[in-house]
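Chains as they are written, first to last, in my numbering: chain A, 30 to 730; chain B, 30 to 730. Even glycine gets a Cβ: it sits at the ideal position worked out from N, Cα and C.
This is the structure in structure tokens:
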């Protein structure tokens, strides 16, 4: 794969524009790092004042840079950026990193300067990372364009793409005693040109990168991000930390769906659709990434715990449960073998507690037995420092066993000084170690989730549902922006996308009532229509289960007679006719437009209490059957569809279809701001959208 | 405070029974540690083989130990324990730590030996810690009775009481590079005699201990634990990690309440009642404990964030929100002063971003401004290593500011090598530092929670509710164990404790119907009573809102006539009379007996879906008004009582009363296994227990 971004991670020659011999200037740090990083290409320093720096002669102007040079790092005051960019263009340099600050982040003036610089870059076909960034590094190539304190991190397997330069700097330092390192790392700054989505494929293509990790403050093009990420996760896992939740705030929304669907729900749904794992904390990212980079994947969620003390075993068992993992049910063969190996007071049942007297050989042999047990998918080894010998002895005995197995083993070394050497040995062998069982269990769960994700891939099919796009286009053609769609039109719109509704229609006389009955389908409900009567049942103004045109005609006359007798002064407009809806369950289904990700779908417990109960789940349109199934399974409303106690089972499949159809509708028509069906009545056979509301967007952006 | 446990942490003389000169024996480790710990009392080593050890002559027998000696550490093979204990008794030693294993943890034989040893100890009035433990240490006295690798941890402020010795050992090692240390630490082993509850007051009484932390696998006497802890937390916070969740399993239960109230709900409720903070992970314990030990308490939840980069600020703002903390709204004065201090591109709004150019003085002066702002209760300082100078410079500039303020400041040093010295300086100044904003925010929230807890103390009053204990005793006198109480008795039981019910009664004729109507109170509902009619409304068999005795008499005849006309063959037994219950909200209220903590109360959304919705909260009986209020506020069912959209507000106070009365009943009668009111109908005025079920325990243990 070669494209306009390729030079960023494999330039044949790099120029530092604004290289400086003053140690306090960024241009010094950049020059120092690129020199010391061991970068194998050609290095050029540009400074109009001339002189020498790190064994290189300073070049006076960009035009004078000799070949090869296909990337430039710009460390120049912001006002000089547009002209410097132009000179790069004239020299034929197509990849630039604009390190300097003083642009959009400082206000309107800076924003204008950024815009101007970008225009120049585009004019010359130059790709630009930044401005206001710390650049990038590749520990394998190697290449370091940053000004951070050397040395560059050692070669690693985890790539990191970041919207914050400070986080990059902090993580590089932090990683040094955390047992992992980076393959490629990139700080994107203001993203005037290159965004996280642009750079994703290039980072993923790196052979040394096993896992991609992202620090995101936003996503500029939601649909493209999902598409790119979706391709990558088939090969390599992506873990994202999305921050700025507290800034997202609430949507201005007219429906329950809108009120409940915060922008973070859209990010959750987007990551799920893209197959990206969303971490809650920075530490969690790397707890997971280390396991995903180094360990084989487990075939299931059954974990064997091996410990030399009871307490850690109990904590670990709790942690497995918290992470939806299971204690594996050891085979009789394993139990026997452990029984022969270990002292009588040891517990051979999972968690296997060898007791404090466990030798290094006990650790190794017990682990071997656990890993070969057919009922075990993964092992979790717990090691508070053994009282009578160094922890590293046990670790060294286990390493070949762990490396020989196709099942993952994570090791928890509990302590600090007494387990330091053991930790070093595990890391050298690329075996993830943790200080506490809780964090190791979370990493094991990430491995299991990855296995399940890869298995589910076959369910990732395009939706095949019947929709009448043309009919819907006609219905929406005259819809006024910013308003609610007329009820009848809303019903027709649903029907066009295969969602049956239950319109209420007014019959001014018996004949039209009978006709409406036939139109709507029997049986029907008949209700007296009068602005003066609010409680219709009090005056006998309702007829249920009316089964034929004849019955409707008779019913019409009967209702009129009854009501006139009881309320002679009431104005009677006729009778409302609605199809009789059988018993069933009621749910809510909705869609709301997200500016970044398109239509965000909601499903859950409906009624007036929907916002209080918050029993809802979200997904991004268009939904596959699997997406819709997942939404159902996340809510009580969805689980209940299969029946619960004296609540009868209803047509769950019809809900899946309706969700998919509605998602297709919301996807097809960006001019729809919100749709809400509350309730959607789910029957033994099929569904009925009882109350449908559709709101149009104010202005299509 | 002096009692039988006092010698454990301040013995005048200690004997090591089984001291050994073989470096691989535990008796060697114990002798070494007590010698090297700097213990100021008299040390005696007992070994029948004689010789010298660490400058002490070995004493041949316990009888020969000279004064003073008031504590003995026993490191002897299990079979010798009873006799050794007896010799200690004869010598007049009243405090022993039985370090050795080989007791209950190994099976029946060991359990018998443990029992025998305990009986000897009790015979001589000896208190015993262990067996199967690693003993205790006091870093201030100092005293170290363990056999762990020296050196003993440095003097600290956090006490740790543990059911697991291995966790003690691991944490002592781990603490060494975590910036905290222990004051007193104790491993309780099998707790044959001394339990966590016994030792709590002794540990709390230590002047150096600022925070107590607990690792618990169980609690032997729930009521006493709550009582002791409740006293202590008024002075010093307690943080507990309760493990063994995965082992707790489910209750065998007959009611919704029983099914939902897992044993972990009881622990949650117990800790809440005791004022003990429950941590989820080991790391969380000490994240909180460090802040609670070292920082002043904030007056509220308004936090100012100070950073030198945007990314960390965004993460921190998210973390505040996740922990229910708020970004403080800086005063105009502060904003102006920051504006004058910082460069124009800096963000003076909270989170205050000074930019990467921030000097050490900028950090100090900005922090001073934030801490003096009246709208700020606490500060969170974020520091990825400043690019141009060492992080410790900024830290040193801030330390006097932090120490001078009565508001807490937590510092996040992001990185590893570049912030190492800064971390050392903060810890020396007893200022908590963290690596990531998420964990610091969690600690800040613990501080805020502590403030709120201490403020709430005035609400901790004994319940004053009207109950008729004698009437209830009479009702329950003949209740058969293991069965459901007869419906009528259950209703009477509720009435005895001030909970109104709505009994349904059968009237075989019009006269008794009228009488029942007067007895129950008008208006009433009348329903035809017939084993042959299931849908009573279909045959006109229901009369609502019957308002007087005359109407009841007429109604009786009318119902009989109507139903006989429509179903001539149906057997009619008379009419069921029930007080008419007005419109209202429906909730569930229940109680289930927990073996450790007594009656566990439940409140929440009722109906048939209660187990699916899981909108329930728990509390321990007897409930104060505040306890009951808290349970309401945790659930949607409770929030809704105040009204929501078109749902009218109902009598929330009556629910609080009913919960308290029911909790008093469940508390007063241990012979009740489960009570469930589902639904409890909450009216505009008052409540009605519509369906009451009471189950008696099988055997009173």
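Assuming residue i and residue j make a contact with CB atoms under 8 Å, what is their CB distance in whole Å?
{"i": "residue 179 (chain A)", "j": "residue 62 (chain A)", "result": "6 Å"}
{"i": "residue 679 (chain A)", "j": "residue 614 (chain A)", "result": "5 Å"}
{"i": "residue 439 (chain A)", "j": "residue 451 (chain A)", "result": "Not a contact, Cβ separation roughly 14 Å."}
{"i": "residue 203 (chain A)", "j": "residue 445 (chain B)", "result": "5 Å"}
{"i": "residue 461 (chain A)", "j": "residue 407 (chain A)", "result": "Actually they are not in contact, since the Cβ atoms of residue 461 (chain A) and residue 407 (chain A) sit about 12 Å apart, beyond 8 Å."}
{"i": "residue 671 (chain B)", "j": "residue 681 (chain B)", "result": "6 Å"}
For residue i and residue j, I'd like the C-alpha separation in whole angstroms.
{"i": "residue 393 (chain A)", "j": "residue 150 (chain B)", "result": "41 Å"}
{"i": "residue 240 (chain B)", "j": "residue 695 (chain A)", "result": "56 Å"}
{"i": "residue 83 (chain A)", "j": "residue 44 (chain A)", "result": "14 Å"}
{"i": "residue 489 (chain A)", "j": "residue 259 (chain A)", "result": "Reliability of the predicted coordinates at residue 489 (chain A) is poor, the pLDDT of 46 falling under 50, and no value is obtained from them."}
{"i": "residue 352 (chain A)", "j": "residue 657 (chain A)", "result": "24 Å"}
{"i": "residue 390 (chain A)", "j": "residue 108 (chain B)", "result": "29 Å"}
{"i": "residue 294 (chain B)", "j": "residue 143 (chain A)", "result": "57 Å"}
{"i": "residue 557 (chain A)", "j": "residue 662 (chain B)", "result": "43 Å"}
{"i": "residue 716 (chain B)", "j": "residue 620 (chain A)", "result": "39 Å"}
{"i": "residue 535 (chain B)", "j": "residue 546 (chain B)", "result": "11 Å"}
{"i": "residue 49 (chain B)", "j": "residue 93 (chain B)", "result": "18 Å"}
{"i": "residue 309 (chain A)", "j": "residue 189 (chain A)", "result": "16 Å"}
{"i": "residue 585 (chain A)", "j": "residue 599 (chain B)", "result": "34 Å"}
{"i": "residue 52 (chain A)", "j": "residue 58 (chain A)", "result": "7 Å"}
I want to verify the contact list: residues of chain A whose CB lies under 7 Å from the CB of residue i, in sequence order.
{"i": "residue 312 (chain B)", "result": "465"}
{"i": "residue 674 (chain B)", "result": "637"}
Could you check which residue in the options has the C-alpha nearest to that of residue i?
{"i": "residue 610 (chain A)", "options": "A:561, A:618, A:533 and A:682", "result": "A:533"}
{"i": "residue 68 (chain B)", "options": "B:413, B:172 and B:485", "result": "B:172"}
{"i": "residue 323 (chain A)", "options": "A:418, A:579, A:431 and A:398", "result": "A:431"}
{"i": "residue 191 (chain B)", "options": "B:365, B:618 and B:270", "result": "B:270"}
{"i": "residue 300 (chain B)", "options": "B:428, B:693, B:453 and B:626", "result": "B:626"}
{"i": "residue 410 (chain B)", "options": "B:404, B:397 and B:623", "result": "B:397"}
Using a C-beta cutoff of 8 Å, does residue i count as contacting chain B?
{"i": "residue 446 (chain A)", "result": "yes"}
{"i": "residue 369 (chain A)", "result": "no"}
{"i": "residue 264 (chain A)", "result": "no"}
{"i": "residue 662 (chain A)", "result": "no"}
{"i": "residue 244 (chain A)", "result": "yes"}
{"i": "residue 346 (chain A)", "result": "yes"}
{"i": "residue 24 (chain A)", "result": "A query on residue 24 (chain A) cannot be resolved here, the shown segment of chain A reaching from 30 to 730 and no further."}
Residues of chain B with a CB under 7 Å from the CB of residue i: which are they?
{"i": "residue 443 (chain A)", "result": "199 and 203"}
{"i": "residue 168 (chain A)", "result": "The contacting residues do not exist; residue 168 (chain A) stays about 17 Å from chain B at best."}
Closer than 8 Å, CB to CB, is residue i near chain A or not?
{"i": "residue 272 (chain B)", "result": "yes"}
{"i": "residue 730 (chain B)", "result": "Interpretation of residue 730 (chain B) is limited by its pLDDT of 49, a score under 50 that renders its predicted location unreliable; no figure is taken from the coordinates."}
{"i": "residue 317 (chain B)", "result": "no"}
{"i": "residue 668 (chain B)", "result": "yes"}
{"i": "residue 249 (chain B)", "result": "no"}
{"i": "residue 181 (chain B)", "result": "no"}
List the residues of chain E that residue i touches, going by C-beta distances under 7 Å, in chain order.
{"i": "residue 135 (chain A)", "result": "Although the question refers to chain E, the structure presented lacks it and instead comprises the protein chains A and B."}
Quick one: which chain B residues come within Cβ less than 8 Å of residue i?
{"i": "residue 256 (chain A)", "result": "Chain B residues near residue 256 (chain A): none, gap ~26 Å exceeds 8 Å."}
{"i": "residue 49 (chain A)", "result": "Here the premise fails: no neighbours, minimum Cβ distance about 14 Å."}
{"i": "residue 193 (chain A)", "result": "338, 339, 340, 341 and 343"}
Residues of chain B with CB under 9 Å from residue i, in chain order?
{"i": "residue 642 (chain A)", "result": "634, 642, 644 and 665"}
{"i": "residue 350 (chain A)", "result": "274 and 275"}
{"i": "residue 196 (chain A)", "result": "338, 340, 341, 344, 413 and 443"}
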